[in-house]
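*Asks:*
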Amino acid sequence: MPSSARTAARDAEANPAFRVAARTGYVANGILHLLIGALVLAVGFGAAEDTDQTGAFRALAAVPLGAVALWALAIGLVALGCWHLLQAVAPRHLSGWRRLARIAAEAPQGLVFVVIGILSASVALGARPRAEQAAEDASAAVLTLPLGGLLLGTTGVVVASVGIGFVWMGLRRSFHSKVRIPDGPAGHALSALGVVGFLAKGVALGIVGVLLVVAAVTVEPDTAGGLDGAVSALIALPTGPVLAFLVGLGFVAYGVFTVFRARYARLDV
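Just so you know, we're using my numbering here: the sequence shown kicks off at 1060 and counts up by one.
(1) Examine the Cβ distances between the stretch 1132-1148 and the stretch 1081-1090 and report whether three or more of them are shorter than 8 angstroms.
(2) Once the 5 residues before and after ALA1147 are set aside, which same chain residues still bring their CB inside 7 angstroms of it?
(3) For my contact list, VAL1306 and VAL1099 are in at a C-beta cut-off of 8 angstroms; report their separation, rounded to the angstrom.
(4) ALA1275 and GLY1222 look like a contact to me (Cβ under 8 angstroms); what is the Cβ gap, rounded to whole Å?
(5) Using a threshold of 9 angstroms, state whether the C-beta atoms of LEU1094 and LEU1119 are closer than that.
(6) To which residues of the same chain is GLY1125 closer than 6 angstroms at the C-beta, ignoring the five residues directly before and after it?
(7) Do you know how far the Cα of PRO1188 is from the Cα of THR1113?
(8) Is it true that the stretch 1194-1204 meets the stretch 1239-1248, where meeting means three or more beta-carbon pairs spaced less than 8 angstroms apart?
(9) Taking only three categories from DSSP, how would you classify ALA1133?
(10) In the structure shown, what three-state DSSP assignment does ALA1107 receive?
(11) At 4 residues or longer, what runs of the alpha helix (DSSP H) sit wholly inside the stretch 1165-1194?
(12) Restricting to Cα atoms, I'd like to know which of GLY1103, THR1110, ALA1138 and VAL1122 is closest to PHE1077.
(13) Between the alpha carbons of ALA1245 and PHE1319, how many angstroms are there, rounded?
(14) Count the other C-beta atoms from every protein chain shown that fall within 10 angstroms of the C-beta of PRO1280, then say buried if there are 16 or more, exposed otherwise.
(15) Could you check if ALA1259 is buried or exposed, using at least 16 other CB atoms within 10 Å of its CB as the buried criterion?
(16) Just checking my contact of GLY1253 with PHE1316 at CB under 8 angstroms: how many whole Å lie between their CB atoms?
(17) Hey, how far is the Cα of VAL1301 from the Cα of PHE1310?
(18) Classify HIS1092: buried if its beta carbon has 16 or more other beta carbons within 10 angstroms, exposed otherwise.
(19) Determine the burial state of PHE1104: buried for a count of at least 16 other Cβ atoms within 10 Å of its Cβ, exposed for fewer.
(20) With 16 as the cutoff for other CB atoms within 10 Å, does LEU1296 come out buried or exposed?
(21) Assign LEU1184 to buried or exposed, taking buried as 16 or more other Cβ atoms, counted over all protein chains shown, within 10 Å of its Cβ.
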């Protein structure tokens, strides 16, 4: 990246207004996970709901002032995405593999948050997308390509690896490096919420990755899916409703943790 562009990124990262926007983005992300957690819990009790981001947005659109809330989420999520993109390029004193590792860790997160923010805005405008069907359609398109099975399987391995990373962060409490944990009981509670939340999100992403690998091996795109497919796979197990209930609680815990992360996040890069 040209040094002038990197300097501009550093100036933006240091801007107080941009930091406020980033913290607002954490609140938006936390609220989104709370909504997803509530939907997963409802499915665990037998409800027929879509338990992914688009399902959460559609549920929010159905309540009074839902469109206003969707626009607020969209702005916050896009701001958080831009913050992660800045973190990919702004840090000083990084070179070689360390800089590449930073870009690989932060840039995809930034792009994902921007896309989810755009989805929220589209629902506010009246669209009713279904991420699960979109994932299946995308998988079917990939499988028609030369080496499409290999590409889809590799994507599944990457997603599963991200899930393992979330589980590892939860077990090791390595998320403490990104959050200033306060002293006393409040800090212990926040740390516990982080552990439970990271574990639950890691399990869900791991299942999504496995479903993608299965779709690649069996050449059946209907097997692939996103979070909603992962919850459906859990429900199909003998103790599925209990597992879905635990994952739902985990997403709620992650949502609460992320809302508080808005207050305690370390924004120095």
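Note that beta-carbon positions come from the ideal geometry of N, C-alpha and C, so glycine has one too.
Please read all numbers here as calculations on a predicted model, not as lab measurements.
*Replies:* Taking the structure as given:
(1) yes
(2) Residue mapping note: residue 1147 aligns to position 88 of the sequence shown, counting from 1. Only ARG1161, ILE1162, GLU1165, ALA1166 and GLY1169 meet the Cβ criterion.
(3) Numbered from its first residue, the sequence shown carries residue 1306 at position 247. Numbered from its first residue, the sequence shown carries residue 1099 at position 40. That belief holds up - the Cβ atoms of VAL1306 and VAL1099 are roughly 6 angstroms apart, short of 8 angstroms.
(4) On the sequence shown, position 216 is the one that residue 1275 refers to. On the sequence shown, position 163 is the one that residue 1222 refers to. Not really, about 17 angstroms apart at Cβ, beyond 8 angstroms.
(5) Translated into positions along the sequence shown, residue 1094 becomes position 35. Translated into positions along the sequence shown, residue 1119 becomes position 60. Yes, the pair counts as a contact, with Cβ atoms nearer than the cut-off.
(6) As a first step, residue 1125 is located in the sequence shown; it is residue number 66 there, counting from the start. Once the five neighbours on either side are set aside, the close Cβ partners of GLY1125 are LEU1119.
(7) On the sequence shown, residue 1113 is found 54 positions in, with the first residue counted as 1. On the sequence shown, residue 1188 is found 129 positions in, with the first residue counted as 1. For THR1113 and PRO1188, the distance between alpha carbons rounds to 6 angstroms.
(8) no
(9) On the sequence shown, residue 1133 is found 74 positions in, with the first residue counted as 1. Helix.
(10) As a position in the sequence shown, residue 1107 is number 48, starting the count at 1. In the structure shown, ALA1107 sits in coil (DSSP, three-state: anything other than H, G, I, E or B).
(11) none
(12) Walking along the sequence shown from the start, residue 1077 turns up at place 18. It is ALA1138.
(13) Taking the first residue of the sequence shown as 1, we reach residue 1245 at position 186. Taking the first residue of the sequence shown as 1, we reach residue 1319 at position 260. Approximately 11 angstroms, taken between the alpha carbons.
(14) Position 221 of the sequence shown, counted from the start, is the residue given in the question as residue 1280. Classification of PRO1280: buried, given that the 10 Å Cβ count is 16 or more.
(15) Along the sequence shown, one-based indexing puts residue 1259 at 200. Counting the other Cβ atoms within 10 Å of the Cβ of ALA1259 gives 16 or more, which makes it buried.
(16) As a first step, residue 1253 must be located in the sequence shown, where it is residue number 194. As a first step, residue 1316 must be located in the sequence shown, where it is residue number 257. With a Cβ gap of about 5 angstroms, GLY1253 and PHE1316 count as contacting.
(17) Here residue 1301 refers to the residue found at position 242 when the sequence shown is read from its first residue. Here residue 1310 refers to the residue found at position 251 when the sequence shown is read from its first residue. Rounded to whole angstroms, VAL1301 to PHE1310 spans 14 angstroms at the Cα level.
(18) By 1-based counting over the sequence shown, the position of residue 1092 is 33. Buried: at least 16 other Cβ atoms inside 10 Å.
(19) As a first step, residue 1104 must be located in the sequence shown, where it is residue number 45. With fewer than 16 Cβ atoms within 10 Å of its Cβ, PHE1104 is classed as exposed.
(20) On the sequence shown, position 237 is the one that residue 1296 refers to. Exposed, because fewer than 16 other Cβ atoms sit within 10 Å of the Cβ of LEU1296.
(21) Taking the first residue of the sequence shown as position 1, residue 1184 is located at position 125. By the C-beta density criterion, LEU1184 is exposed, having fewer than 16 other C-beta atoms within 10 angstroms.
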